[in-house]
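Visitor:
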Amino acid sequence: MNTFSRYLFRQVAGALLLILLSLAGVVWIALALRELELVTTEGQNAWVFVIMTTLALPNLLGLIAPIAMLIATIHTLNRMSGDSELIVLTASGASIWTLARPLLLLALLVAIGVAFVNHIGMPWSLQMLRAYAIEVHTDLISKVLQPGQFSSPERNLTIHIRDRTYNGELRGILLQDARNAEQTMAYLADRGVLSKQDESTFLVMFDGHIVRKTADGDAPQIITFESYAIDLNRFEPKSEGAVLKPRERYFSDLAWPDPDDPYARHRPGHLRAELHERLSSPLYPFAFVMIALAFVGQARSTRQGRMEGLIMAFVVAAMIRLGGLAVNNLVAIRASTVPLLYLLPLGGIVLSYVVIRMNAQPRGGATVSDRLAQVVSALRAMCAPWAPARSVVRAARRQGAR
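Position one of the sequence shown corresponds to residue 26 (my numbering), numbered consecutively onward.
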């Protein structure tokens with residue numbers, strides 16, 4: 026790459042990194058708010074909360090990375106146009122492909138990253154997240170350590186703790202096990218502590234008694250103890266191996282599913298849609314770069330022209346990406362619609378290429394992108410008469426709120 030290409034590559038790459046981190050941070054916060062229940066109700070520590078929230082992030086990286094590429098490209102080209110860099114570049118005789126080469130190289134790197142996340146990073150992280158979720162939701166300790174609440178981690182099993190001191194000691198322990206129809210066991214203790222040994226967790230109770238009642242109607246048996254230990258692992262519900270969802274599967278599991286897999290037999294369309302979504306999503310960075318070049322890559326001397334080009338670029342890119350998401354749902358129903366997943370980004374690339382070539386041809390009158398910008402201006406002009414009415418409505422609402 027020449028000096029200008031390296032300069033443009035650094036500018037867009039820096040903006041891409043900043044925007045990607047910002048979008049990832051927003052997504053992480055949204056996921057964190059959704060998983061906040063782990064700390065508030067499940068009794069998990071903050072480290073488990075951070076791990077589970079972070080593991081859910083790669084699930085959306087494949088979607089937000091091309092969007093970050095679009096925003097970074099449009100931002101950089103718009104800044105260069107505002108600083109007259111594109112005008113100087115055009116006056117020097119350089120074509121728009123001088124801009125395209127470093128941008129397409131960066132799009133290639135983003136596409137490789139998206140493919141890696143889709144085929145390796147996302148399945149691995151979601152499988153790890155599933156393992157953490159199973160461990161959290163089947164961990165009896167996360168449920169019993171809720172002072173003042175009756176917890177039933179399993180049918181006919183009830184646990185209550187009156188209080189928990191700052192040093193972890195439990196006060197007022199009640200544990201009733203009625204899972205065996207032949208007899209019911211009730212453990213009551215004044216205090217207790219949790220003790221972990223190897224892979225087992227024991228509840229060591231002090232100063233309490235055990236009430237055992239059989240189903241034959243005999244008088245309950247009461248046993249008093251000074252200390253008594255219970256292995257809590259025997260109270261944990263046994264988790265069965267759940268079927269992996271499409272996004273949790275690797276490429277081989279999607280392309281060649283096990284014939285005995287019940288999910289693949291009953292929902293083959295979901296596996297098909299996920300497979301082709303992963304294969305087609307790396308095309309979007311190229312499509313978004315071409316769209317940005319078609320509508321923002323030309324030198325413009327007016328602020329209004331630049332703004333309308335920005336609007337057109339975002340509208341076209343949004344229509345293509347939203348169309349891809351809609352077609353993905355359709356592919357799960359009809360296999361014949363699979364080519365549409367690839368035609369949408371490829372169509373965006375071809376359309377942008379045609380617009381670029383038509384803009385590059387010397388002719389009188391406005392270019393293609395200018396004509397599209399004029400359409401946007403006309404639409405904005407049509408909406409202009411409604412602006413005073415909207416202002417009156419907003420003012421009336423504010424007055425009514427007062």
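Glycine is no exception: its CB is placed at the ideal position from the N, C-alpha and C atoms.
Since the structure is predicted, the reported quantities are computational estimates derived from the model, not experimental observations.
(1) Taking 8 Å as the threshold, find out whether the segment 284-291 comes into contact with the segment 334-353 through three or more Cβ pairs.
(2) Applying the criterion that 16 or more other CB atoms from any shown protein chain within 10 Å of the CB defines a buried residue, is residue 78 buried or exposed?
(3) Express the C-alpha separation of residue 193 and residue 246 in angstroms, rounding to a whole number.
(4) What residue range is occupied by the uninterrupted alpha helix (DSSP H) comprising residue 60?
(5) Can you give me the Cβ contacts of residue 60 inside the same chain, cut-off strictly under 8 Å, excluding the 5 residues immediately before and after it?
(6) May I ask you to report which of helix, strand or coil DSSP gives residue 190?
(7) Can you say whether residue 278 is buried or exposed, counting buried as having 16 or more other CB atoms within 10 angstroms of its CB?
(8) Do the segment 290-306 and the segment 174-182 make contact, defined as three or more Cβ pairs closer than 8 Å?
(9) Could you compute how far the alpha carbon of residue 241 sits from the alpha carbon of residue 190?
(10) Between which two residues does the alpha helix (DSSP H) holding residue 202 run?
(11) Going by other Cβ atoms of all chains shown within 10 Å of its Cβ, with 16 needed for buried, is residue 380 buried or exposed?
(12) Which two residues bound the contiguous alpha helix (DSSP H) that contains residue 303?
(13) Taking the CB atoms as reference points, tell me whether residue 196 and residue 187 lie closer together than 7 Å.
(14) Would you call residue 54 buried or exposed, if buried means 16 or more other Cβ atoms sit within 10 Å of its Cβ?
(15) Please state if the CB of residue 346 and the CB of residue 106 are separated by a distance shorter than 7 Å.
(16) Does the distance from the CB of residue 367 to the CB of residue 91 come in under 7 Å?
(17) Going along the chain, which residues of its own chain have a beta-carbon closer than 8 Å to the beta-carbon of residue 154, five neighbours each way excluded?
(18) Starting from residue 278, trace the alpha helix (DSSP H) in both directions and tell me its first and last residue.
(19) Using CA coordinates, which residue listed in 315, 96 and 237 is at the minimum distance from residue 207?
(20) Check residue 361 in the structure and name its three-state DSSP category.
(21) Kindly indicate the opening and closing residues of the alpha helix (DSSP H) around residue 106.
(22) Please state whether DSSP places residue 348 in a helix, a strand or coil.
(23) For residue 270, which of 150, 36, 48 and 118 has the nearest alpha-carbon?
(24) Pop quiz: residue 338 and residue 316 are said to be a contact at Cβ under 8 Å. What is the actual Cβ separation, rounded to whole angstroms?
(25) Would you identify the three-state DSSP class for residue 182, choosing helix, strand or coil?
(26) If you reduce the DSSP assignment to three classes, tell me which class residue 417 lands in.
Guide: In terms of the structure at hand:
(1) no
(2) Position 53 of the sequence shown, counting from 1, holds the residue named residue 78. Classification for residue 78: buried.
(3) Here the question's residue 246 lines up with position 221 in the sequence shown. Here the question's residue 193 lines up with position 168 in the sequence shown. The straight-line gap from Cα to Cα measures roughly 31 Å.
(4) Within the sequence shown, the letter at position 35 stands for residue 60. Here residue 60 belongs to no alpha helix (DSSP H), and DSSP marks it neither H nor E.
(5) For the purposes of this step, residue 60 is taken as residue 35 along the sequence shown, with counting starting at 1. Excluding residues within five positions, the ones whose Cβ falls inside 8 Å are 74, 77, 78 and 81.
(6) As a first step, residue 190 must be located in the sequence shown, where it is residue number 165. Coil.
(7) The residue given as residue 278 occupies position 253 in the sequence shown. By the neighbour-count rule (16 or more Cβ atoms within 10 Å), residue 278 is buried.
(8) no
(9) Along the sequence shown, read from residue 1 onward, the residue named residue 241 stands at position 216. Along the sequence shown, read from residue 1 onward, the residue named residue 190 stands at position 165. For residue 241 and residue 190, the distance between alpha carbons rounds to 40 Å.
(10) If you number the sequence shown from 1, residue 202 lands on position 177. No alpha helix (DSSP H) holds residue 202; the beta strand (DSSP E) holding it covers 195-202.
(11) In the sequence shown, the residue the question calls residue 380 occupies position 355. So residue 380 counts as buried.
(12) As a first step, residue 303 must be located in the sequence shown, where it is residue number 278. Residues 293-305.
(13) Position 171 of the sequence shown, counted from the start, is the residue given in the question as residue 196. Position 162 of the sequence shown, counted from the start, is the residue given in the question as residue 187. Yes, they are a contact pair.
(14) The residue you call residue 54 lines up with position 29 of the sequence shown. Exposed: under 16 other Cβ atoms inside 10 Å.
(15) Counting from 1 along the sequence shown, the entry for residue 106 is found at position 81. Counting from 1 along the sequence shown, the entry for residue 346 is found at position 321. Cβ distance not < 7 Å, so residue 106 and residue 346 don't count as in contact.
(16) For this step, residue 367 is matched to residue 342 along the sequence shown. For this step, residue 91 is matched to residue 66 along the sequence shown. No; because the gap between Cβ atoms is not below 7 Å, this pair is not in contact.
(17) As a working mapping, residue 154 is identified with position 129 in the sequence shown. Cβ within range, chain order: 77, 80 and 81.
(18) Residue mapping note: residue 278 aligns to position 253 of the sequence shown, counting from 1. Run containing residue 278: 276-280, per the alpha helix (DSSP H) assignment.
(19) Working through the sequence shown from its first residue, we reach residue 207 at position 182. Looking at the Cα atoms, 237 is the closest of the given residues.
(20) In the sequence shown, residue 361 corresponds to position 336, counting from 1. DSSP places residue 361 in helix when its eight states are reduced to three.
(21) Taking the sequence shown and counting its residues from 1, one reaches residue 106 at position 81. Taken as a continuous stretch (DSSP letters only), the alpha helix (DSSP H) holding residue 106 covers 83-107.
(22) Counted from its first residue, the sequence shown places residue 348 at position 323. In the structure shown, residue 348 sits in a helix (DSSP, three-state: H, G or I).
(23) Within the sequence shown, the letter at position 245 stands for residue 270. It is 150 whose Cα lies nearest to the Cα of residue 270.
(24) In the sequence shown, counting from the first residue as 1, residue 338 sits at position 313. In the sequence shown, counting from the first residue as 1, residue 316 sits at position 291. With 8 Å as the limit, residue 338 and residue 316 qualify as a contact, their Cβ atoms being about 5 Å apart.
(25) For this step, residue 182 is matched to residue 157 along the sequence shown. Of the three classes helix, strand and coil, the one that applies to residue 182 here is strand, per DSSP.
(26) Numbered from 1 along the sequence shown, position 392 holds the residue referred to as residue 417. Low confidence applies here, because residue 417 scores a pLDDT of 49, under 50, leaving its location unreliable and the question unanswered by this model.
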